[in-house]
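Trainee: Can you keep this structure in mind? I'll have questions shortly.
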Amino acid sequence: MVTNTATTRIFGSLKKKIIKDIVVSFAIGIPAAYAWWYTFHVDNQKKREAWYIAYAAKKGNEQ
Amino acid sequence: MLIMNNYNNMFNDVPTPWGMYLQDSASPMAEGMLEVHDTVMFYLMMMLMLVGYLTYSMMKFNNKMSYKYLTHGSLLEFIWTLFPVMMLLLIAFPSFMLLYLTDDVIDPAMTIKCIGLQWYWSYEYSDFINDNGETISFDSYMMPEEMLEFGQLRLLDVDSRVVVPIDTHIRFIVTGGDVIHSFTVPALGFKVDATPGRLLQISTIITREGRFYGQCSEICGVAHSEMPMTIEAVSLPKFLDWLNEQ
Ligand SMILES: [Cu+2]
Chain A
14 MVTNTATTRI
24 FGSLKKKIIK
34 DIVVSFAIGI
44 PAAYAWWYTF
54 HVDNQKKREA
64 WYIAYAAKKG
74 NEQ
Chain X
465 MLIMNNYNNM
475 FNDVPTPWGM
485 YLQDSASPMA
495 EGMLEVHDTV
505 MFYLMMMLML
515 VGYLTYSMMK
525 FNNKMSYKYL
535 THGSLLEFIW
545 TLFPVMMLLL
555 IAFPSFMLLY
565 LTDDVIDPAM
575 TIKCIGLQWY
585 WSYEYSDFIN
595 DNGETISFDS
605 YMMPEEMLEF
615 GQLRLLDVDS
625 RVVVPIDTHI
635 RFIVTGGDVI
645 HSFTVPALGF
655 KVDATPGRLL
665 QISTIITREG
675 RFYGQCSEIC
685 GVAHSEMPMT
695 IEAVSLPKFL
705 DWLNEQ
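Protein chains in written order, with this note's numbering: chain A, 14 to 76; chain X, 465 to 710.
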């Protein structure tokens with residue numbers, strides 16, 4: 014390692030940045046994906062199931 | 465995302481202005497399609513954030529030259545090849561499963577022939593015969609704008625609807641009379657090309673009453689946008705009443 018240059022050399026910052034970028038983006042991406050699934054999808058599914066249960070009850074009453 | 469939820473409450477059977485999600489499902493097939501859509505969206509969400517953050521990071525943090533000395537990297541390339549492959553496989557499996565499930569025609573209780581013509585649809589109920597010994601068949605034209613009644617939808621309602629019973633296995637046989645059309649009903653998960661000289665079939669079981677709309681989805685001439693299809697799903701007794709009137 015050369016130390017007698019005018020400025021101190023910087024090593025490994027590139028690798029560190031890539032790893033940091035990938036980790037951070039997954040840290041945002043995975044919760045975002047699960048947020049989509051558990052807020053929108055599951056909620057929608059529950060509403061649909063509830064609707065069909067109510068619908069089946071209504072159909073049963075009419076007959 | 466929660467705002468989008470308000471658009472769907474099991475009665476969205478038509479395209480709505482600024483609608484952000486798919487129409488509510490009225491058949492198991494359409495339900496499967498919503499499921500696959502949401503599954504794909506799960507992976508897309510992850511990738512959106514991944515690519516979005518990387519782009520942001522490259523442009524914003526530290527300096528504009530942050531990846532200047534990154535000219536090659538075997539491990540990186542390996543990762544950015546393997547990751548999309550994995551994502552595509554995860555998307556492909558549910559899609560193919562649904563694709564082959566929709567091909568299934570399980571012992572239909574009735575069959576309806578749909579013939580696409582320039583520019584209307586002709587329907588035939590081949591299982592039922594009227595007093596004259598003819599099968600029930602009729603042409604279905606779009607309601608012209610000036611003849612629309614209150615509550616009818618412009619470019620979607622037709623003069624004679626296809627009436628079908630709910631909770632019954634129905635097979636639709638689709639063909640074209642002149643050029644290629646496409647029989648499409650989003651709420652039921654239909655999209656079948658009506659090709660002249662060819663019969664294509666699709667089967668369904670409609671799970672709830674309602675009117676389901678669709679538009680021809682294969683460009684077929686000047687009035688391509690004026691040959692919608694309306695399917696009216698009713699209970700079995702109501703369907704039999706309708707049948708007697710024919
Ligand atoms: Cu057409």
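Glycine is no exception: its CB is placed at the ideal position from the N, C-alpha and C atoms.
Return the chain-ordered list of same chain residues with a C-beta closer than 8 Å to the C-beta of X:D477, the five sequence neighbours on each side being excluded.
Mentor: So the list reads Q487, D488, A490, A651, G674, R675, F676 and Y677, once near-sequence residues are dropped.
Trainee: Looking at chain A, is there any beta carbon in it that lies within less than 8 Å of the beta carbon of X:D623?
Mentor: X:D623 does not count as touching chain A.
Trainee: Please classify X:M611 as buried or exposed, where buried requires at least 16 other C-beta atoms within 10 Å of its C-beta.
Mentor: With fewer than 16 Cβ atoms within 10 Å of its Cβ, X:M611 is classed as exposed.
Trainee: Apart from the five residues just before and just after X:L581, which ones in its own chain have a Cβ nearer than 7 Å to its Cβ?
Mentor: Answer for X:L581: G641 and D642, listed in chain order.
Trainee: Can you find at least 3 beta carbon pairs, one from the region 496–508 of chain X and one from the region 41–52 of chain A, that sit closer than 8 Å?
Mentor: Yes, the region 496–508 of chain X touches the region 41–52 of chain A.
Trainee: Let me know the secondary structure DSSP gives X:E673 once reduced to three states.
Mentor: X:E673: coil per DSSP, three-state reduction.
Trainee: Using 8 Å as the limit for Cβ to Cβ distance, is X:I644 near chain D?
Mentor: The chain labelled as chain D is not found among the protein chains of the depicted structure, namely A and X.
Trainee: Taking only three categories from DSSP, how would you classify X:P572?
Mentor: Coil.
Trainee: Figure out for me which residue from X:V628, X:W482 and X:D567 has the closest Cα to the Cα of X:D705.
Mentor: Minimum Cα distance to X:D705 is reached at X:V628.
Trainee: Along chain A, in chain order, which residues have C-beta atoms closer than 9 Å to that of X:L514?
Mentor: Neighbours of X:L514 on chain A, chain order: I35, S38, F39, I41 and G42.
Trainee: I'd like to check one pair, X:H633 with X:S667: are the Cβ atoms closer than 8 Å?
Mentor: The answer is yes: Cβ separation under 8 Å.
Trainee: What separation, rounded to the nearest whole angstrom, lies between the Cα atoms of X:N594 and X:Y587?
Mentor: Each residue's Cα considered, the two are about 15 Å apart.
Trainee: Alpha carbon to alpha carbon, what distance is there between X:I570 and X:V515?
Mentor: If I take the Cα positions, the gap works out to 44 Å.
Trainee: Which same chain residues, not among the five before or five after X:F636, have their C-beta less than 6 Å away from its C-beta?
Mentor: Closer than 6 Å at Cβ, skipping near neighbours: I576, C578 and I666.
Trainee: A:Y68 versus chain X: which residues are under 7 Å apart at the beta carbon?
Mentor: Here the neighbours are R672.
Trainee: Could you spell out where the alpha helix (DSSP H) holding X:P548 opens and where it closes?
Mentor: Here the alpha helix (DSSP H) through X:P548 covers S538 to T566.
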